[in-house]
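Going by the numbering used here, the first residue of the sequence shown is number 2, and it counts up by one from there. We treat Cβ as the ideally placed atom computed from N, Cα and C, and that holds for glycine. Presented below is the structure to which this report refers.
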Amino acid sequence: MDRAHFYERDYYGTTFLHPLAAASMILLGIMTLALPRKYALLPLLLLINFIPCSQRIAIAGLDFNLLRIMIIFGWTRILMRGEFKDMGLVKLDKLMLAWAASETLIYVLQFKNFGALVTMSGRMMEAVGGYFMVRAFVRSWADLKALAQCICIISIPVAIFFVIEKNTGRNYFSIFGGVPEYTHEREGKLRAMGAIANPILAGCMWGAFLPLMAALLWQKGSQFLGAWGVLNGLVVVVACASSTPLASVMAAGLGGFLFLHRRKMHEIRKAIIWGSIGMHLLMETQGHPLWHLLARIDLVGGSTGWHRYNLINQWIHRFWEWALLGTKTTAHWGWGLWDVTNQFVLESVRGGLLTLIVFVWMIGTAFRYVGPLWRWTEGNRAEVAMAWALGCSLFAHISSFIAVSYFGQMVIVFYMQIALIAGLYAAMKRAQAEGTEEVREEGETAEVASVPYRRRRPLLGA
2 MDRAHFYERD
12 YYGTTFLHPL
22 AAASMILLGI
32 MTLALPRKYA
42 LLPLLLLINF
52 IPCSQRIAIA
62 GLDFNLLRIM
72 IIFGWTRILM
82 RGEFKDMGLV
92 KLDKLMLAWA
102 ASETLIYVLQ
112 FKNFGALVTM
122 SGRMMEAVGG
132 YFMVRAFVRS
142 WADLKALAQC
152 ICIISIPVAI
162 FFVIEKNTGR
172 NYFSIFGGVP
182 EYTHEREGKL
192 RAMGAIANPI
202 LAGCMWGAFL
212 PLMAALLWQK
222 GSQFLGAWGV
232 LNGLVVVVAC
242 ASSTPLASVM
252 AAGLGGFLFL
262 HRRKMHEIRK
272 AIIWGSIGMH
282 LLMETQGHPL
292 WHLLARIDLV
302 GGSTGWHRYN
312 LINQWIHRFW
322 EWALLGTKTT
332 AHWGWGLWDV
342 TNQFVLESVR
352 GGLLTLIVFV
362 WMIGTAFRYV
372 GPLWRWTEGN
382 RAEVAMAWAL
392 GCSLFAHISS
402 FIAVSYFGQM
412 VIVFYMQIAL
422 IAGLYAAMKR
432 AQAEGTEEVR
442 EEGETAEVAS
452 VPYRRRRPLL
462 GA
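Okay, here's the thing in structure tokens:
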């Protein structure tokens, strides 16, 4: 198994802060407080990509890695400027809170000690605090466009560092700790990782960023930047030399292709469900379930697909072990299965069946929000591209979940994705309400006023 991510664990509960990281944190914090709202997430993106999670300050047993400190800066700004006002909670926000409450409660009940509560408080600070910070900052298509542009700009130095690491076998981010100095090799291929604690997660992150950058190809004046960002993102994915990121890129590409058939998505979903059931029944005749396909996937060589298959197999067969209150360890499930390389399995291990249901419900709701978003913006190609890209990025994350569980920087990257969808959906509902009120002021009939408001004026600050 790839053990790169265990480098971070050496730093838990210990103050470990490089002078350069400390200076960068102060600068990024000031930027967070001072930048216009649509660029307020730029410092967070810089931190995620250039400073490993090993950098942290421990106070009285509480662990504050720099991501958590950045979230504190973000919320300081939000409270100072009142940017939480008129945010408008939607169902997805409530599901996020329900997921956090369920996982925290069940995890604490599982371990029955104060340390478990402290651990979950830190995790939820990243997940929930980061989620609602993004919700406060991204409320319009203009905000989302600015975020995509920031990702494209950051991709340039990130790609350069990955190319250097790929060609030299040296990771210069190792000066901060948390990542090895010498790049890990598998099957003769160097697996670059940059400042991310695992090459798989590094590739998955940029695989999920690809659709947002590609959406700029339909934004007037941003086409070149978008194309450059996509190229850099692909360079990072290839440099990671891992099957999971490549699969996430393929998932994002499939999502983009399905835009051509966007009005038939209901039929496509039904076909996928029934096709999967049929394939499962067919494979059962040969003694293997559908998820045994994971054992056969190896896109770059050296993949541990059988481990992923066996983890899911044991998870299903041991349902009653984790269903109520999760389970403290999966080490006894089989060789190497202490390493839970599946996000859905991880959710159930930490929080039982209830947490898993809420987690899947949250993802399903996010997907359902994308449909109304692209239909609402249908009169504007640039916004339609952005709306569809949100769904493609989420689909890339779901593809990654089958073969890896998120930790470190990737936790906030995923919940940022959910928050972007929730923020734009809330803005759409707000614009619809304002549009209905505006129609009534013009003296139109109740029947006309009840028709969904569609593009009668520039939408959502675009």
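Separation of the CB atoms of Ile-79 and Leu-67 is rounded to 19 angstroms, and the pair is thereby denied contact status at 8 angstroms.
Rounded to whole angstroms, the separation of the alpha carbons of Tyr-416 and Trp-100 is 12 angstroms.
In this model, Leu-347 and Gly-222 are separated by some 42 angstroms (Cα to Cα). The Cβ atoms of Ala-143 and Asn-233 do not sit closer than 7 angstroms to each other. Rounded to the nearest whole angstrom, the C-alpha separation of Ile-317 and Leu-326 is 15 angstroms. The shortest C-alpha to C-alpha distance from Arg-369 to any of Ile-298, Val-91, Ala-22 and Thr-16 is the one to Val-91.
Using a 10 angstroms sphere on the CB of Glu-84, the tally of other CB atoms reaches 16 or more, which defines it as buried.
Its chain contains Ile-58 and Ala-59 as the residues whose beta carbon lies nearer than 6 angstroms to that of Thr-16, once the 5 sequence neighbours on both sides are disregarded; these appear in chain order. Straight across, the Cα-Cα distance linking Gly-365 with Phe-115 is about 33 angstroms.
If you draw a 10 Å sphere on the C-beta of Ala-35, you find fewer than 16 other C-beta atoms in it, and that means exposed. Three or more Cβ pairs closer than 8 angstroms define a contact, and the region 199 to 214 meets that threshold against the region 235 to 254. Here DSSP, grouped into helix, strand and coil, assigns Asn-343 to coil. Beta bridge pairing from DSSP links Ala-59 with Asp-64. Between the region 261 to 277 and the region 405 to 422, the count of Cβ pairs shorter than 8 angstroms is below three; the stretches do not touch. 7 angstroms or more divides the Cβ of Ser-175 from the Cβ of Glu-186.
In the DSSP assignment, Arg-136 falls within the alpha helix (DSSP H) that extends over 131 to 138.
Going by DSSP, Thr-169 is part of the alpha helix (DSSP H) stretching over 142 to 169.
For Trp-389, the CB contacts under 6 angstroms within the same chain, skipping 5 residues up- and downstream, are Phe-260 and Trp-375 in chain order.
Taking all protein chains in view, the Cβ of Trp-339 is surrounded by fewer than 16 other Cβ atoms within 10 Å, so the residue is classified as exposed.
For the pair Ser-406 and Gln-344, the CB atoms are nearer than the 7 angstroms cut-off.
Excluding five sequence positions before and after Gln-111, the CB atoms of its chain that fall closer than 6 angstroms to its own CB belong to Leu-326 and Gly-327, given in chain order.
Listed in chain order, the non-local C-beta contacts of Arg-351 below 7 angstroms within the same chain comprise Glu-104, Tyr-108 and Gly-327, local neighbours out to five positions each way being set aside.
As summarised for the region 41 to 126, the continuous beta strand (DSSP E) elements at least 3 residues long and confined to that stretch are 57 to 60 and 63 to 66, given in chain order.
Under the criterion of beta carbons closer than 8 angstroms, Cys-241 and Ala-203 qualify as touching, at roughly 5 angstroms.
Contact check for Ser-156 against Gly-230 passes: the beta carbons are separated by less than 7 angstroms.
In summary, Ala-253 is buried, with 16 or more beta-carbon neighbours lying within 10 Å of its beta-carbon over all protein chains present. In the DSSP annotation of this structure, the continuous segment of the alpha helix (DSSP H) that includes Thr-33 starts and ends at 20 to 35.
Under the DSSP assignment, Ile-273 falls in the alpha helix (DSSP H) whose first and last residues are 266 to 285. Of the residues Ala-367, Glu-384, Pro-373 and Trp-321, the one whose Cα lies closest to the Cα of Ser-349 is Trp-321.
Here Ile-72 is near Gly-131, since their CB atoms are less than 7 angstroms apart. An exposed status is given to Leu-63, since fewer than 16 other beta-carbon atoms sit within 10 Å of its beta-carbon. The DSSP-derived three-state label of Phe-260 is helix. In the DSSP annotation of this structure, the continuous segment of the alpha helix (DSSP H) that includes Glu-384 starts and ends at 382 to 402. Between Leu-218 and Gly-257, the alpha-carbon positions lie close to 13 angstroms from each other.
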